[in-house]
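Visitor: In my numbering, the protein residues as written are 1146 to 1387.
Every residue gets a Cβ at the ideal spot worked out from N, C-alpha and C, and that includes glycine.
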């Protein structure tokens, strides 16, 4: 078992806090083929994590930002499916935690894991996890310590990309481009909203609306780059055996 957060789908410990929510797949969340899009999956993961933190009574429930996410789409859920989302903590560190989430519906299922950093909502600086966090999530984490280090490689040197941009409506309360909007960029690259396989994203640096961005692609990897510096890295792979 790796100690790098969100690099493998670790099985939940089976003890401690586990939060479950249900939601239908709406029209605005599906592709032309009526299947749940990658950016919608990212939103669902964000929503259930926030709902869990609020339900747990965390003082800083809104002060979490995603560092890395990996999910395996075994079959994209369909329009009007009622999904069950179950999430729990599977590891922690000084200012970060790993969260596993399972999404199951009538038409498909998704297994996901994310590394989250707790930050001060005013300054954006990391905050040490406090007793309130461990009172809620310590048992389910079962003592597993994880590192928030990133693992995806840098883009090839001098690799050319094409210009891309985001909208003002893509900004989050911290003034940066939100997670789902960056997943939407991957959808544009793949040419389809819904897909099966394994998908990874690492948020290296915040993406700002005024950044002069380019999308660099190399095989099954892509990067959002600003002024020669990668901001976000993507990697995807088809299901095993294909």
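According to DSSP, is residue 1175 part of a helix, a strand, or is it coil?
Guide: As a first step, residue 1175 must be located in the chain shown, where it is residue number 30. In the structure shown, residue 1175 sits in a strand (DSSP, three-state: E or B).
Visitor: Name the residue from 1173, 1247 and 1319 whose alpha carbon lies nearest to the alpha carbon of residue 1228.
Guide: For this step, residue 1228 is matched to residue 83 along the chain shown. Answer by Cα proximity: 1247.
Visitor: Quick one, which of 1298, 1232 and 1192 has its alpha-carbon nearest residue 1379's?
Guide: For the purposes of this step, residue 1379 is identified with residue 234 of the chain shown, where counting begins at 1. It is 1298 whose Cα lies nearest to the Cα of residue 1379.
Visitor: Let me check understanding here. Comparing Cα to Cα, which of 1269, 1215, 1261 and 1219 lies closest to residue 1198?
Guide: What you label residue 1198 is simply residue 53 of the chain shown in a count that begins at 1. Ranking 1269, 1215, 1261 and 1219 by Cα distance to residue 1198 puts 1261 first.
Visitor: Could you tell me the distance, in whole angstroms, from the CA atom of residue 1178 to the CA atom of residue 1279?
Guide: In the chain shown, the residue the question calls residue 1178 occupies position 33. In the chain shown, the residue the question calls residue 1279 occupies position 134. About 43 Å.
Visitor: Under 6 Å from any heavy atom of the ligand MN, does the C-beta of residue 1382 make it?
Guide: Because no ligand of any kind appears in the structure shown, any question about the ligand MN cannot be addressed here.
Visitor: I need the straight-line Cα distance from residue 1316 to residue 1358, nearest angstrom please.
Guide: Sequence index remark: in the chain shown, residue 1316 carries index 171 (1-based). Sequence index remark: in the chain shown, residue 1358 carries index 213 (1-based). Looking at the two C-alpha atoms, the distance is approximately 15 Å.
Visitor: Classify residue 1322 as buried or exposed, calling it buried when 16 or more other Cβ atoms lie within 10 Å of its own Cβ.
Guide: Numbered from 1 along the chain shown, position 177 holds the residue referred to as residue 1322. So residue 1322 ends up on the buried side.
Visitor: With the cut-off set at 7 Å, would you say residue 1216 and residue 1344 are in Cβ contact?
Guide: What you label residue 1216 is simply residue 71 of the chain shown in a count that begins at 1. What you label residue 1344 is simply residue 199 of the chain shown in a count that begins at 1. Result yes, Cβ atoms of residue 1216 and residue 1344 sit closer than 7 Å.
Visitor: Three-state secondary structure (DSSP) at residue 1289?
Guide: Taking the first residue of the chain shown as 1, we reach residue 1289 at position 144. Here residue 1289 sits in coil by DSSP.
Visitor: Should residue 1307 be labelled buried (16 or more other beta-carbon atoms within 10 Å of its own) or exposed?
Guide: Along the chain shown, read from residue 1 onward, the residue named residue 1307 stands at position 162. With fewer than 16 Cβ atoms within 10 Å of its Cβ, residue 1307 is classed as exposed.
Visitor: Using a Cβ-Cβ distance under 7 Å, would residue 1305 count as near chain D?
Guide: Checking the listed chains, one finds no chain D in this structure; it contains a single protein chain.
Visitor: So residue 1222 packs on residue 1253, CB below 8 Å; how close in whole Å?
Guide: Counting from one through the chain shown, the residue named residue 1222 turns up at place 77. Counting from one through the chain shown, the residue named residue 1253 turns up at place 108. Indeed, because the Cβ distance is near 5 Å, the residues count as touching under 8 Å.
Visitor: Thinking residue 1150 and residue 1292 are a contact (beta carbons under 8 Å), I'd like their distance in whole angstroms, please.
Guide: To locate residue 1150, count along the chain shown from 1; it is residue 5. To locate residue 1292, count along the chain shown from 1; it is residue 147. Right, their Cβ atoms sit about 6 Å apart.
Visitor: Would you mind sorting residue 1355 into buried or exposed? The rule is 16 or more other CB atoms within 10 Å of its CB.
Guide: Sequence index remark: in the chain shown, residue 1355 carries index 210 (1-based). So residue 1355 counts as exposed.
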